[in-house]
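K.L.:
Each residue of the sequence shown is one higher than the one before, counting from 916 in the numbering used here. Just so you know, even glycine gets a beta-carbon here, dropped at the ideal spot from N, CA and C. As the structure is a computational prediction, the values presented were derived from the model and not from experiment. Before we start, here is the structure in question, set down as structure tokens.
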Amino acid sequence: MKRPRRRFLHLAAIAAVLPAVPRFALAQSYPSRPVRIVVGFPAGITPDIVGRLMAQSLSERLGQQFIVDNRPGAASNIATETVVRAPADGYTLLVVTSTNAINATLYDKLNFDLIGDIAPVAGLIRSPNLLQVNPSVPVKTLPAFIAYAKAKPGKLNYASSGNGSATHVAGELFKAMAGVDLVHVPYRGSYLPDLIGGQVQVAFGPIAQSLEFIKAGKLLALAVTSATRSDALPDVPTVAEFVPGYEANVYDGIGAPKNTPADIIDKLNKEINAVLADPSLKARLVSLGAEPMPMTPAEFGKFVADETEKWRKVIRFASIKAD
């Protein structure tokens, strides 16, 4: 009886090891063909630029092409669903953005669950928005702006890139925490011409698109929305220096279809974090008003979940509806 039992235990041990062998071999050989990085926005804006920088670097490091596939539309929901429906083999990835976290609450009926259907792979970048005003607003500092807005409730208009956009929810969070009454004006196209022209007075917009106008004196930067000051504008304070606890970043990361093998996710995470440590890449990101955001898959997953819950509260408090 002892010999058959020993044989059974020996075979069981072999059987337990065998499933791990193909997975290890898969990770070792990955990628063996081109990898698609799906971006839910048009070419030329930050998620696309960051996605292309990462694709180029990963192609060089891993010896296979990483190709950006732009799938704009429905506030990135089309791109996200494309990745959710893709095979879970590591060859279709998603640039996950702050828009995804907002959409989880903004849209009542999505064909996917961001947290359940997208496996976190890695963080890429974090970037603050900029609380900026037209120079016609008679203030030079954020405390003065808050006092002015409180003295003139409902008289200042703030522009955004649409209902439920990152620029909108950042403004609504500021209104609630600073105790001011600003009127939201959503735009389908760029609001910058009207902000520069004074038709709207305030915006919570990306640093990169406003830098040249700030340097030219056409817009005034009052504060950045991150928890710490931005390397792109080191002399500009944070909102949190005067409104404690305020933070509203936009961010990009990488996700994959759920059930993507953990070994592949870990390999991608290691390579992405190595790219983010490159000083030349960091300099390029600073020029975009961004900073590297290296994380483990677990850390990035928690970050996205926390952001989703944060914006859920803001959207429901402000009764924000999708266009």
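Are G1094 and Y1073 touching if we call contact CB-CB under 7 Å?
P.N.:
Within the sequence shown, the letter at position 179 stands for residue 1094. Within the sequence shown, the letter at position 158 stands for residue 1073. No, they are not a contact pair.
K.L.:
Does the distance from the CB of V983 to the CB of G966 come in under 7 Å?
P.N.:
Translated into positions along the sequence shown, residue 983 becomes position 68. Translated into positions along the sequence shown, residue 966 becomes position 51. Taking 7 Å as the Cβ cut-off, V983 and G966 qualify as a contacting pair.
K.L.:
Which residue or residues does DSSP assign as beta-bridge partners of E1206?
P.N.:
Taking the sequence shown and counting its residues from 1, the one referred to as residue 1206 is at position 291. Paired residues: R1041.
K.L.:
Where does A1163 sit, in a helix, a strand or coil, going by DSSP?
P.N.:
For the purposes of this step, residue 1163 is identified with residue 248 of the sequence shown, where counting begins at 1. Shown here, A1163 sits in coil according to DSSP, grouped into three states, outside any helix or strand.
K.L.:
Which stretch, first to last residue, makes up the beta strand (DSSP E) that contains L1135?
P.N.:
Counting from one through the sequence shown, the residue named residue 1135 turns up at place 220. From DSSP, the beta strand (DSSP E) with L1135 extends over 1135 to 1139.
K.L.:
According to DSSP, is R986 helix, strand or coil?
P.N.:
Along the sequence shown, read from residue 1 onward, the residue named residue 986 stands at position 71. R986 falls in the coil class under three-state DSSP.
K.L.:
When burial is assigned at 16 or more other CB atoms within 10 Å of the CB, is I952 buried or exposed?
P.N.:
The residue labelled residue 952 in the question sits at position 37 within the sequence shown. I952 comes out buried.
K.L.:
Less than 7 Å separating the beta-carbons of L1126 and A1118?
P.N.:
Start at 1 with the first residue of the sequence shown, and residue 1126 comes out as number 211. Start at 1 with the first residue of the sequence shown, and residue 1118 comes out as number 203. For L1126 and A1118, no; Cβs fall outside 7 Å.
K.L.:
Spatial neighbours of P1050 within its chain, please: C-beta separation below 6 Å, excluding the five flanking residues on both sides.
P.N.:
For the purposes of this step, residue 1050 is taken as the residue at position 135 of the sequence shown. Around P1050: L1135.
K.L.:
From the DSSP output, read off the bridge partner residues of T1072.
P.N.:
Taking the sequence shown and counting its residues from 1, one reaches residue 1072 at position 157. A small fix is needed here, since residue 1072 is Asn in this sequence, not Thr. Partner(s): V1098.
K.L.:
Just to confirm, is the Cβ distance from A1064 to I1169 under 7 Å?
P.N.:
To locate residue 1064, count along the sequence shown from 1; it is residue 149. To locate residue 1169, count along the sequence shown from 1; it is residue 254. No.
K.L.:
Measure the C-alpha to C-alpha separation of V1165 and N1184 and round it to an integer number of angstroms.
P.N.:
Sequence index remark: in the sequence shown, residue 1165 carries index 250 (1-based). Sequence index remark: in the sequence shown, residue 1184 carries index 269 (1-based). V1165 and N1184: Cα-Cα distance of roughly 20 Å.
K.L.:
How is the beta strand (DSSP E) around V950 delimited, first residue to last?
P.N.:
By one-based count along the sequence shown, residue 950 stands at place 35. It spans 950 to 954 - the beta strand (DSSP E) in which V950 sits, taken as one unbroken run.
K.L.:
Considering only C-alpha positions, which residue in the set R1000, G1120, A1147, P1053 is nearest to L1029?
P.N.:
In the sequence shown, the residue the question calls residue 1029 occupies position 114. The option with the nearest alpha carbon to L1029 is R1000.
K.L.:
Between I1187 and M969, which are expected to be in contact by the criterion C-beta below 8 Å, what is the C-beta distance as a whole number of angstroms?
P.N.:
For the purposes of this step, residue 1187 is identified with residue 272 of the sequence shown, where counting begins at 1. For the purposes of this step, residue 969 is identified with residue 54 of the sequence shown, where counting begins at 1. Correct: roughly 7 Å between the Cβ atoms.
K.L.:
What is the DSSP secondary structure of F1128, reduced to helix, strand or coil?
P.N.:
Counted from its first residue, the sequence shown places residue 1128 at position 213. If DSSP states are grouped into helix, strand and coil, F1128 belongs with the helices.
K.L.:
Can you check whether the CB of L1088 is closer than 7 Å to the CB of V1229?
P.N.:
By one-based count along the sequence shown, residue 1229 stands at place 314. By one-based count along the sequence shown, residue 1088 stands at place 173. Yes, the Cβ-Cβ distance between V1229 and L1088 is below 7 Å.
K.L.:
Using the C-alpha atoms, what's the distance from Q1116 back to P1261?
P.N.:
What the structure shows of the chain is the stretch from 916 to 1238, and residue 1261 is not part of that stretch, so it cannot be assessed.
K.L.:
Report, in whole angstroms, the separation of the C-beta atoms of G1077 and Y1102, which I expect to be a contact under 8 Å.
P.N.:
By 1-based counting over the sequence shown, the position of residue 1077 is 162. By 1-based counting over the sequence shown, the position of residue 1102 is 187. Right, the Cβ-Cβ distance comes to about 7 Å (below 8 Å), so this counts as a contact.
K.L.:
Take I1122 and list the residues in its own chain whose beta-carbon comes closer than 6 Å to its own, dropping the five residues that flank it on each side.
P.N.:
Here residue 1122 corresponds to residue number 207 of the sequence shown, with the count starting at 1. For I1122, where only same-chain residues beyond five positions count, the Cβ hits under 6 Å are L1045, A1147, G1204.
K.L.:
Could you give the DSSP three-state label for P1149: helix, strand or coil?
P.N.:
Residue 1149 sits at position 234 when you count from the first residue of the sequence shown. Coil at P1149, not helix or strand.
K.L.:
List the DSSP bridge partners of R1171.
P.N.:
Locating residue 1171 in the sequence shown gives position 256, where the first residue counts as 1. Residue identity differs from the one stated: residue 1171 is Ala in this sequence, not Arg. A1171 pairs with A1034.
K.L.:
Going straight from the alpha carbon of S1080 to that of M1208, what length do you get?
P.N.:
In the sequence shown, counting from the first residue as 1, residue 1080 sits at position 165. In the sequence shown, counting from the first residue as 1, residue 1208 sits at position 293. Using only the alpha carbons, I get a separation of about 21 Å.
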